[in-house]
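**Student:** Let me begin by handing over the structure; questions about it come next.
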Amino acid sequence: MWIETKTEVEKASRTRASFSRRVLNGLLLCSGDMEHLDKYMKDKSFVLQLVVCGLRAVARVILANNPLSGGLILAALYWASPWQGLLGTLGVLASTLTAVITGQDSAEVAGGLHGFNGMLVSLLMGEFSSAGDWYWWLLLPVFLGSATCVFLFSGLSSFLDRWDLPAAVFPFNIIIILYLLCTGPEHPYFPHHSVKPPGALEPNATELIALQVIRGIPLGVGQIFACGDLGPSLLILGAVFLYSPLLAVHALLGSAVGTLTGLSMAVRHESLYSGLSGFNGALGCMTVGGLFFTFSLWTHLFAIASAFFSAYADIALSNLMGTVGLPASSWAATLVATLMLLLTGSLAAYRIPIGQVRAPERNLRSRSQWEAGNTEERESTDV
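Listed below in structure tokens is the structure:
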């Protein structure tokens, strides 16, 4: 009897262990860059391939490269605002199809590199539009602006490749500023809200509410997609965590740093509460904290410094451009990240070539293997 009970316990234990391994393997297959999916998709229909590369493009906005993360983010956008979700979807499709028609590199298209700028342009056009939701005339600039991003991305990539720099969101930042300059708050067809500088004095300002400031930290992650609702922002953060827990930690950390920077500069309370003070800091921290640089204690500290630099630059640019009613968008994080990638010295040893950038955890493993290989090679050549 005792032997039978022991056998049953061991069998149940093995079953639980086997189930746990299957769950873990399933999670590992769904995380990171999901490169195994690319091999599976090669002989699939064009529509299915378009869906996958479109979802990768959605995730690329927040520096991830995972179609499941992209699906979660798209769901978060539809949750926050169906109109914004629709605009984002159309922006991705317009830019991706333009890249296909103009014969852009197939690997870049499949990786979503020609779609994420178009999505950002469409989201910001909808966010700044003062014509309200479901204003169908807005689809005209959405399609044109998203398609134009492909040409800017291609041209800038050719120019920046000589320094091994990414075109990043330069196309988005250029197109959205040109669009807002071409239209205006009183435009008869495409009116938009005028942006108020974050440093503008508030008449009859109320006391700062600590809980609202803390709530603004996760909202800073959502504001990368122009999303100011807490639930969808947490879902976006979860999508980043699915791709890379390390990247998600740096996103939240960078947003907290950006919020702290806003507090130190006494920006308007609304900028702190809505997460607008945090999103450039989040992007600056994510760029350095394991994505374009191998994660280490040194690069982690450097990522925090990058977040501070991005947040202060955003306040300065927002105050400058806000005088003419324009947003600073993500110019601050984009310029700071580009400068960080150009740095020389000891930090440059941690820099990852653009063509080899993967999920931070994968970058860390690849570097360990590379260093181990170099050590063995040196030992084998010693006399």
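Take the sequence shown: its letters are residues 8 to 390, numbered as in my numbering. Here a beta-carbon is modelled for each residue, glycine too, at the ideal position from N, C-alpha and C.
#1: Within 8 Å, do at least three Cβ pairs link the segment 299-316 to the segment 138-157?
#2: Check whether the Cβ atoms of GLY95 and LEU81 lie closer than 8 Å to each other.
#3: Under 8 Å Cβ to Cβ from LEU342, same chain only, skipping five residues before and after it: list those, please.
#4: Anyone know if the C-beta pair for TYR250 and SER38 falls short of 8 Å?
#5: How would you label PRO178, buried or exposed, when you count the other beta carbons within 10 angstroms and need 16 or more for buried?
#6: Determine, using beta-carbon pairs with one atom in the segment 338-352 and one in the segment 293-301, whether at least three such pairs fall under 8 Å.
#7: Among the residues of its own chain, which have a CB less than 7 Å from the CB of ALA335, if the five just before and after it don't count?
#8: Straight-line CA distance for SER317 to ASP50?
#9: Label TYR47 either buried or exposed according to how many other C-beta atoms from any shown protein chain fall within 10 Å of its C-beta, with 16 as the threshold for buried.
#10: Hey, is the segment 161-180 in contact with the segment 121-128, meaning 3+ C-beta pairs nearer than 8 Å?
#11: What number of angstroms, rounded off, separates the C-alpha of ARG372 from the C-alpha of ASN72?
#12: Between LEU36 and GLU42, what straight-line distance do the alpha-carbon atoms span, to the nearest angstrom?
#13: Could you name each continuous alpha helix (DSSP H) segment of 4 residues or more that falls completely within the segment 168-246, going from the start of the chain to the end?
#14: Are ALA258 and LEU244 touching if we call contact CB-CB under 8 Å?
#15: Can you pull the DSSP bridge partners for SER337?
#16: For GLY282, which option in CYS234, PHE315 and VAL58 has the closest C-alpha, if you only look at C-alpha atoms?
#17: Give the C-beta separation of ARG358 and PHE299 to the nearest angstrom, bearing in mind that I take them to be a contact with Cβ-Cβ under 8 Å.
#18: Could you compute how far the alpha carbon of THR155 sits from the alpha carbon of GLY285?
#19: Going by C-alpha to C-alpha distance, which of PRO173, TYR186 and GLU134 sits closest to GLY152?
#20: Quick check on this structure: which residue in MET132, LEU146, VAL364 and LEU147 has the alpha carbon closest to the alpha carbon of PRO192?
#21: Suppose you measure from the CA of LYS203 to the CA of LEU44; what does that come to, to the nearest Å?
#22: Suppose the cutoff is 6 Å on Cβ atoms and the five residues either side in sequence are ignored; what does the same chain contact list for LEU62 look like?
#23: So, PHE232 versus VAL68, is the Cβ gap smaller than 8 Å?
#24: Identify the continuous alpha helix (DSSP H) that holds LEU260 and give its terminal residues.
#25: Going straight from the alpha carbon of PRO360 to that of ASP171, what length do you get?
#26: For GLY373, does the three-state DSSP call read helix, strand or coil?
#27: Quick check on VAL331: buried or exposed, where buried means 16 or more other Cβ atoms within 10 Å of its Cβ?
#28: Per DSSP, ARG358 forms a beta bridge with which residues?
#29: Could I get the ranges of all uninterrupted beta strand (DSSP E) runs contained in the segment 87-116, with 3 residues as the minimum, in chain order?
#30: Can you look up SER136 in the DSSP assignment and give me helix, strand or coil?
#31: Please classify THR109 as buried or exposed, where buried requires at least 16 neighbouring CB atoms within 10 angstroms.
#32: Report the residue from ALA87, ALA64, PRO148 and ASP40 whose alpha carbon sits nearest the alpha carbon of LEU226.
#33: So, helix, strand or coil for HIS121, using DSSP?
#34: How far does the alpha helix (DSSP H) with ASP45 in it reach, from first residue to last?
#35: Determine the closest residue to HIS121 out of LEU147, ALA175 and GLY352, with distance taken between C-alpha atoms.
**Tutor:** Quick answer:
#1: no
#2: Sequence index remark: in the sequence shown, residue 95 carries index 88 (1-based). Sequence index remark: in the sequence shown, residue 81 carries index 74 (1-based). Cβ distance < 8 Å, so GLY95 and LEU81 count as in contact.
#3: Here the question's residue 342 lines up with position 335 in the sequence shown. Cβ neighbours of LEU342 beyond the five flanking positions: ALA320.
#4: For the purposes of this step, residue 250 is identified with residue 243 of the sequence shown, where counting begins at 1. For the purposes of this step, residue 38 is identified with residue 31 of the sequence shown, where counting begins at 1. Going by C-beta atoms, TYR250 is nearer than 8 Å to SER38.
#5: Residue mapping note: residue 178 aligns to position 171 of the sequence shown, counting from 1. Classification of PRO178: buried, given that the 10 Å Cβ count is 16 or more.
#6: yes
#7: Against the sequence shown, residue 335 aligns to sequence position 328. Here the set comprises ASP321, LEU324, SER325 and MET328.
#8: Locating residue 317 in the sequence shown gives position 310, counting from the first residue. Locating residue 50 in the sequence shown gives position 43, counting from the first residue. Cα to Cα, the separation comes out at about 43 Å.
#9: Position 40 of the sequence shown, counting from 1, holds the residue named residue 47. Answer is exposed; the Cβ neighbour count stays below 16.
#10: yes
#11: Indexing the sequence shown from 1 puts residue 372 at position 365. Indexing the sequence shown from 1 puts residue 72 at position 65. Using only the alpha carbons, I get a separation of about 17 Å.
#12: If you number the sequence shown from 1, residue 36 lands on position 29. If you number the sequence shown from 1, residue 42 lands on position 35. Near 9 Å, if we compare the C-alpha coordinates of GLU42 and LEU36.
#13: 177-189 and 217-229
#14: As a working note, residue 258 is residue 251 in the sequence shown. As a working note, residue 244 is residue 237 in the sequence shown. Cβ atoms of ALA258 and LEU244: closer than 8 Å.
#15: The sequence position of residue 337 within the sequence shown is 330, counting from 1. None, per the DSSP bridge assignment.
#16: Counting from 1 along the sequence shown, the entry for residue 282 is found at position 275. The option with the nearest alpha carbon to GLY282 is CYS234.
#17: In the sequence shown, the residue the question calls residue 358 occupies position 351. In the sequence shown, the residue the question calls residue 299 occupies position 292. Right, the Cβ-Cβ distance comes to about 7 Å (below 8 Å), so this counts as a contact.
#18: Counting from one through the sequence shown, the residue named residue 155 turns up at place 148. Counting from one through the sequence shown, the residue named residue 285 turns up at place 278. THR155 and GLY285: Cα-Cα distance of roughly 28 Å.
#19: The residue labelled residue 152 in the question sits at position 145 within the sequence shown. When only C-alpha atoms are compared, the closest one is TYR186.
#20: In the sequence shown, counting from the first residue as 1, residue 192 sits at position 185. When only C-alpha atoms are compared, the closest one is MET132.
#21: Working through the sequence shown from its first residue, we reach residue 203 at position 196. Working through the sequence shown from its first residue, we reach residue 44 at position 37. Rounded to the nearest angstrom, the two C-alpha atoms are 44 Å apart.
#22: Translated into positions along the sequence shown, residue 62 becomes position 55. So the qualifying residues of the chain are PRO74, GLY77 and GLY78.
#23: As a position in the sequence shown, residue 232 is number 225, starting the count at 1. As a position in the sequence shown, residue 68 is number 61, starting the count at 1. Contact flag set, yes.
#24: Residue numbering aside, residue 260 sits at position 253 when the sequence shown is read from its first letter. First-last of the alpha helix (DSSP H) with LEU260: 252-271.
#25: Position 353 of the sequence shown holds residue 360. Position 164 of the sequence shown holds residue 171. Approximately 7 Å, taken between the alpha carbons.
#26: Translated into positions along the sequence shown, residue 373 becomes position 366. Per the sequence shown, the amino acid found at residue 373 is Ser instead of Gly. Helix.
#27: To locate residue 331, count along the sequence shown from 1; it is residue 324. By the neighbour-count rule (16 or more Cβ atoms within 10 Å), VAL331 is not buried but exposed.
#28: Locating residue 358 in the sequence shown gives position 351, where the first residue counts as 1. BP columns for ARG358 point to PHE300.
#29: none
#30: By 1-based counting over the sequence shown, the position of residue 136 is 129. Residue state, collapsed to three classes: strand.
#31: Stepping through the sequence shown from its first residue, residue 109 is reached at position 102. With fewer than 16 Cβ atoms within 10 Å of its Cβ, THR109 is classed as exposed.
#32: The residue given as residue 226 occupies position 219 in the sequence shown. Nearest of ALA87, ALA64, PRO148 and ASP40 to LEU226, Cα basis: ALA87.
#33: In the sequence shown, residue 121 corresponds to position 114, counting from 1. Coil, per DSSP.
#34: Residue numbering aside, residue 45 sits at position 38 when the sequence shown is read from its first letter. Its alpha helix (DSSP H) spans residues 42-48.
#35: The residue you call residue 121 lines up with position 114 of the sequence shown. Closest by alpha carbon: ALA175.
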